[in-house]
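Novice: Residue numbers (our numbering): 80 to 294. Yeah, the Cβ is synthetic: ideal placement off N, Cα and C, and Gly gets one too.
#1: What is the DSSP secondary structure of residue 200, reduced to helix, strand or coil?
#2: Starting from residue 280, follow its DSSP beta bridges and name the residues at the other end.
#3: Would you say residue 280 lies against chain D (beta-carbon separation less than 8 Å)?
#4: Please state the DSSP three-state secondary structure of residue 195.
#5: Closest to residue 239 by CA distance: which of 287, 150, 94 and 99 is it?
#6: As a quick exercise: from 285, 264 and 283, pick the residue whose alpha carbon is nearest that of residue 276.
#7: Determine the DSSP secondary structure at residue 263, reduced to helix, strand or coil.
#8: On the three-state DSSP scale, how would you describe residue 111?
#9: Whole angstroms are fine: how far does the CA of residue 140 sit from the CA of residue 192?
#10: Within the continuous alpha helix (DSSP H) that includes residue 31, where are the two ends?
#11: Report, in whole angstroms, the separation of the C-beta atoms of residue 200 and residue 206, which I expect to be a contact under 8 Å.
#12: Would residue 273 pass as a contact of residue 150 if the rule is Cβ separation under 8 Å?
#13: CB-CB under 7 Å to residue 102, same chain, minus the five flanking residues each way: which ones, in chain order?
#14: For residue 258, count neighbouring Cβ atoms within 10 angstroms of its own Cβ and tell me buried if that reaches 16, exposed if not.
#15: Under the rule that 16 or more other beta-carbon atoms within 10 Å means buried, what is residue 244, buried or exposed?
#16: In angstroms, rounded to a whole number, what distance separates the CA positions of residue 136 and residue 144?
#17: Tell me which same chain residues have a C-beta within less than 8 Å of the C-beta of residue 157, skipping the five on either side of it?
#18: Determine the DSSP secondary structure at residue 132, reduced to helix, strand or coil.
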C-alpha cells in the first residue's frame, strides 16, 4: 500500500465553509406550515413571551427545528441579535434602479453598516474583529472541535463566505461573521420566512454613492 506524500490525507471532516453552506441551504429549504387566519403580528424572537401567531418559527415543522437549533449552537452570540434586527425593521436592501446589483444595509436613524453578501463583508467593527480572530465567531467546542448577494452571481454556486477564501482549509479557521451579515444572509437565503422583514429601497447612482459614503 502506497501513499502520495504530496497530497494530505483526507480526514472526512467538512471544511467550515462546506458545513455552514450545507446548513444554510437546508434552512432555506424548510417548508413552512400554512398560516392560520387569526395570525396578525410579526415576531421573530424565540423566547416564549415574544411568540406571536405570525411568528415564522412557529410554522417550522418539528422535524426541521433541529436546523435552527444547530445554527444557534454554532453562533450562540449572533442568531438572536440578527433576528432582532430583522424584527425591528432595521435591515434594508438597497438596489440600483439601472442595474441588478444590490447591497444590504442596516437601516434606521442610528449607525448604519454596509453588508455585501457577495464580497462577504460588513463595515462594522465586530466583523473586522471576527476576521482577525480567525474562528468567525463559530463555537467549535459545541461541535466537538470539528473544522468544519447580494451574492447571487449568475453561473456561480452559492457558498457561505461568498468570494472570500476563509474557511476553506481543515485547520479550524472559520468564516468571519457578524449579526448584521447573518441577518442579511438569513433574509436572503430563507426569504420565504424572513424576506418580508427586509425594507426595500430602489435608488439611483447618486443616491447609492451617498449611502456608501455615509457608511
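Specialist: In brief:
#1: strand
#2: 173
#3: Structure shown: chain D not included; a single protein chain is present.
#4: strand
#5: 99
#6: 264
#7: helix
#8: coil
#9: 34 Å
#10: This structure cannot settle anything about residue 31, because the visible part of the chain is limited to 80 through 294.
#11: 7 Å
#12: no
#13: 146, 149 and 150
#14: buried
#15: exposed
#16: 8 Å
#17: 216, 256, 257, 258 and 261
#18: Note that residue 132 scores a pLDDT of 44, beneath 50, so its modelled location is shaky and nothing firm can be said.
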